[in-house]
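**Q** Have a look at this one.
Residue numbers (mature numbering (1 follows the signal peptide of the UniProt record, and there is no 0)): -20 to -1, 1 to 263.
This is how it looks when you write it as structure tokens:
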């Protein structure tokens, strides 16, 4: 392990010698998340199910831009153009609107902190906390990603995700499962993270919350989401300015998770109340 880290650091130092201290750039990433929708045995027409799944799939295919220098980065989602004739006018499905909407993610490697602006049911929060350090294992596998040679690294990460099944499941379905396992608002589990980084770009940044490898992370995946770099621009002629998000109520990650959990409980109760009035069909 130490030998692999030493080799990686040497590669970074060698590559870094060819760059000035103001080294900066931009990387575009395509993110795709698998959708497994549980309709809970409800009698929904197949064409309606297909429509819901297609809308969910599109909502989970996104494009992001990572702007970086040697110590800072900001990860922003590109705005989607409205689709002509679309029922939602180009907006995300209402499933996504009910959930937290992630904003700009700022990472400062020097201070090892991050800031992210999140909108939760119309209210804006600014999460300010320490960067998570993953215990990366450097592998010998390599592959070509665009014009760069990428090296494989793996780590185990605890993932916390909203449990939509708990929100949309009928009350009688919950009673049936009570003796087995309670449906909670969030699912927490450990998953393997697979990343591909290139020492040819000597920064330890990456997409989303990922960082800490001896080179820019070009691709990363967990159990349901895959993020792949599609374009890189290094040292553009126009100087890049990285601004950390500043708007919103400042909270820690733990505080934000607690608020999210309470909002999820409210959503579940509201949905069940609508179901009781015969108005709980997913939109």
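Don't be surprised by glycine CBs; every beta carbon is placed ideally from N, CA and C.
Is it true that the CB of residue 225 sits closer than 8 Å to the CB of residue 94?
**A** Within the chain shown, the letter at position 114 stands for residue 94. Within the chain shown, the letter at position 245 stands for residue 225. Taking 8 Å as the Cβ cut-off, residue 94 and residue 225 do not qualify as a contacting pair.
**Q** Beta-carbon separation of residue 119 and residue 134 under 8 Å?
**A** Here residue 119 is taken as the residue at index 139 of the chain shown, counted from 1. Here residue 134 is taken as the residue at index 154 of the chain shown, counted from 1. Cβ atoms of residue 119 and residue 134: closer than 8 Å.
**Q** For residue 249 and residue 30, I'd like the C-alpha separation in whole angstroms.
**A** As a first step, residue 249 is located in the chain shown; it is residue number 269 there, counting from the start. As a first step, residue 30 is located in the chain shown; it is residue number 50 there, counting from the start. Approximately 26 Å between the Cα atoms of the pair.
**Q** Using only the alpha-carbon positions, how far apart do residue 105 and residue 117 sit?
**A** On the chain shown, position 125 is the one that residue 105 refers to. On the chain shown, position 137 is the one that residue 117 refers to. Each residue's Cα considered, the two are about 34 Å apart.
**Q** Determine the direct distance from the alpha carbon of residue 38 to that of residue 64, and round the result to whole angstroms.
**A** Position 84 of the chain shown holds residue 64. Position 58 of the chain shown holds residue 38. Any answer about residue 64 is weak, because its pLDDT of 49 lies below 50 and its placement is not dependable; what the coordinates show is given next. Their backbone Cα atoms lie some 15 Å apart in a straight line.
**Q** Would you kindly work out how many angstroms separate the C-alpha atoms of residue 193 and residue 127, rounded to a whole number?
**A** As a first step, residue 193 must be located in the chain shown, where it is residue number 213. As a first step, residue 127 must be located in the chain shown, where it is residue number 147. Computed Cα separation, rounded: 19 Å.
**Q** Measuring CA to CA, which of 235, 46 and 181 is closest to residue 10?
**A** Residue 10 sits at position 30 when you count from the first residue of the chain shown. For the residues 235, 46 and 181, the minimum Cα distance to residue 10 belongs to 46.
**Q** So, under 8 Å CB-CB, residue 207 and residue 169 are touching, yes? Tell me the CB distance rounded to an integer number of Å.
**A** Locating residue 207 in the chain shown gives position 227, where the first residue counts as 1. Locating residue 169 in the chain shown gives position 189, where the first residue counts as 1. Going by Cβ atoms, the distance from residue 207 to residue 169 rounds to 19 Å, so no, they are not a contact pair.
**Q** When you compare only the Cα positions, how much space is there between residue 264 and residue 175?
**A** The structure shown has nothing for residue 264, since the chain only spans -20 to 263.
**Q** Pick out whichever of 6, 2 and 12 has its Cα sitting closest to the Cα of residue 200.
**A** Taking the first residue of the chain shown as position 1, residue 200 is located at position 220. The residue with the shortest Cα to Cα distance from residue 200 is 12.
**Q** Let's see if you can read the secondary structure: which residues bound the beta strand (DSSP E) around residue 15?
**A** Position 35 of the chain shown, counted from the first residue, corresponds to residue 15. Counting along the chain, residue 15 falls outside any beta strand (DSSP E), and DSSP gives it neither H nor E.
**Q** Could you have a look at residue 242 and say whether DSSP puts it in helix, strand or coil?
**A** Taking the chain shown and counting its residues from 1, one reaches residue 242 at position 262. Helix at residue 242.
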